[in-house]
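**Q** Chains as they are written, first to last, in my numbering: chain Y, 1 to 113; chain D, 114 to 223.
Glycine included, each C-beta is placed from N, C-alpha and C at the ideal position.
This one's a predicted model, so the numbers in the text were calculated from it and none came from an experiment.
The following block contains the structure, expressed as structure tokens.
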Amino acid sequence: DAGVTQTPRHEVAEKGQTIILKCEPVSGHNDLFWYRQTKIQGLELLSYFRSKSLMEDGGAFKDRFKAEMLNSSFSTLKIQPTEPKDSAVYLCASSLPGNTEVFFGKGTRLTVV
Amino acid sequence: QQKVQQSPESLIVPEGAMTSLNCTFSDSASQYFAWYRQHSGKAPKALMSIFSNGEKEEGRFTIHLNKASLHFSLHIRDSQPSDSALYLCAVSPGYQNFYFGKGTSLTVIP
């Protein structure tokens with residue numbers, strides 16, 4: 001079974017650029033999450049979708065971060081414009097609704113210079 | 114919004130020791146409690162979960178939940194170097210988002 005697939009694994013962007021990260025959830029999973037992980041803040045929620053509908057977004061991330069679910073098997077996270085403080089690992093995860101295990105992708109490590 | 118806090122931030126134990134990790138949460142209506150483990154450079158992966166008060170054991174790992182105290186914990190018996198990882202606790206109010214703690218970094222010394 002394919003797990004959660006994220007591309008690219010690594011991304012280097014210059015300050016001010018627009019970058020798009022991609023995610024394919026586990027087949028059949030209706031819930032999809034985008035998290036940002038840093039050592040200082042830990043896992044921070046960016047967006048949460050259920051059956052392609054946006055259920056929750058991290059308030060602090062609204063202005064430059066936009067996640068979309070183009071269909072049930074593909075999601076993107078756009079950061080526009082990027083800033084050095086956005087350097088982090090971005091994790092995509094999916095699950096079945098209702099208190100079940102969350103499956104994570106391997107993440108995209110973003111470096112903004 | 115749910116607050117999830119973990120302690121300690123980091124822990125170093127000798128091989129064979131009992132390790133205890135703690136997690137507190139703020140929403141008493143929470144229904145799902147889990148521990149995830151993340152080895153360096155890898156994706157977090159679910160370790161075990163619990164839904165009701167009490168204790169659950171799986172091999173060397175035991176999870177305790179006390180909803181009244183807004184606290185749950187993970188205990189690792191006979192800790193092994195392969196247990197060295199970042200441990201994340203997760204809480205959900207049910208059919209909604211999962212809230213994660215910042216993690217406890219565990220190092221098991223051979």
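1. Using DSSP with H/G/I as helix, E/B as strand and the rest coil, what is residue 127/D?
2. What is the rounded straight-line gap between the Cα of residue 82/Y and the Cα of residue 111/Y?
3. Quick check: what's the CA-CA separation for residue 172/D versus residue 220/D?
4. Just the chain Y side, please: which residues come within less than 8 Å of residue 201/D by C-beta, in chain order?
5. If I measure Cβ to Cβ from residue 192/D and keep anything under 6 Å in the same chain, skipping five residues before and after, which residues do I get?
6. Report yes or no: do three or more beta-carbon pairs, one from the stretch 177-194 of chain D and one from the stretch 76-90 of chain Y, lie closer than 8 Å?
7. Distance check for residue 201/D and residue 124/D, CA to CA, integer angstroms please.
8. Contact check, residue 32/Y vs residue 49/Y under 8 Å by CB: the rounded distance?
9. Taking Cβ-Cβ distances below 7 Å as the criterion, which residues of the stretch 124-137 of chain D are in contact with chain Y?
10. Output needed for residue 180/D: all residues of its chain with C-beta closer than 6 Å, excluding positions within five of it in sequence on either side, in chain order.
11. Count the other CB atoms within 10 Å of the CB of residue 37/Y; is the residue buried (16 or more) or exposed (fewer)?
12. Starting from the C-beta of residue 30/Y, find all residues in its chain whose C-beta is less than 7 Å away, skip the five residues before and the five after it, and write them out in chain order.
13. Hey, would you say residue 102/Y sits closer than 8 Å to residue 12/Y, going by beta carbons?
14. Would you say residue 185/D reaches chain Y, if we count a Cβ-Cβ gap shorter than 8 Å as a contact?
**A** Considering the structure as presented:
1. In the second sequence, counting from the first residue as 1, residue 127/D sits at position 14. The answer is strand: DSSP assigns residue 127/D an E or B state.
2. Reading the first sequence from its first residue, position 82 is the one you call residue 82/Y. Reading the first sequence from its first residue, position 111 is the one you call residue 111/Y. Approximately 10 Å between the Cα atoms of the pair.
3. Reading the second sequence from its first residue, position 59 is the one you call residue 172/D. Reading the second sequence from its first residue, position 107 is the one you call residue 220/D. Computed Cα separation, rounded: 20 Å.
4. Taking the first residue of the second sequence as position 1, residue 201/D is located at position 88. Near residue 201/D (Cβ distances below 8 Å), the residues of chain Y are 42 and 43.
5. If you number the second sequence from 1, residue 192/D lands on position 79. These residues qualify, in order along the chain: 126, 130, 132 and 221.
6. Using a C-beta cut-off of 8 Å, the stretch 177-194 of chain D makes no contact with the stretch 76-90 of chain Y, since fewer than three inter-stretch Cβ pairs fall below that distance.
7. In the second sequence, counting from the first residue as 1, residue 124/D sits at position 11. In the second sequence, counting from the first residue as 1, residue 201/D sits at position 88. Taking the straight line from one Cα to the other gives about 13 Å.
8. Within the first sequence, the letter at position 32 stands for residue 32/Y. Within the first sequence, the letter at position 49 stands for residue 49/Y. In this structure, residue 32/Y and residue 49/Y form a Cβ contact; the two beta carbons are roughly 5 Å apart against a cut-off of 8 Å.
9. Hits within the stretch: zero.
10. One-based indexing of the second sequence puts residue 180/D at position 67. Within the same chain, residue 180/D has close Cβ partners 166.
11. The residue given as residue 37/Y occupies position 37 in the first sequence. With 16 or more other Cβ atoms from the protein chains shown falling within 10 Å of its own Cβ, residue 37/Y counts as buried.
12. Here residue 30/Y refers to the residue found at position 30 of the first sequence. Here the set comprises 50, 51, 96 and 97.
13. Counted from its first residue, the first sequence places residue 102/Y at position 102. Counted from its first residue, the first sequence places residue 12/Y at position 12. Residue 12/Y is positioned such that its CB atom lies no closer than 8 Å to that of residue 102/Y.
14. One-based indexing of the second sequence puts residue 185/D at position 72. No, its Cβ sits nowhere closer than 8 Å to a Cβ of chain Y.
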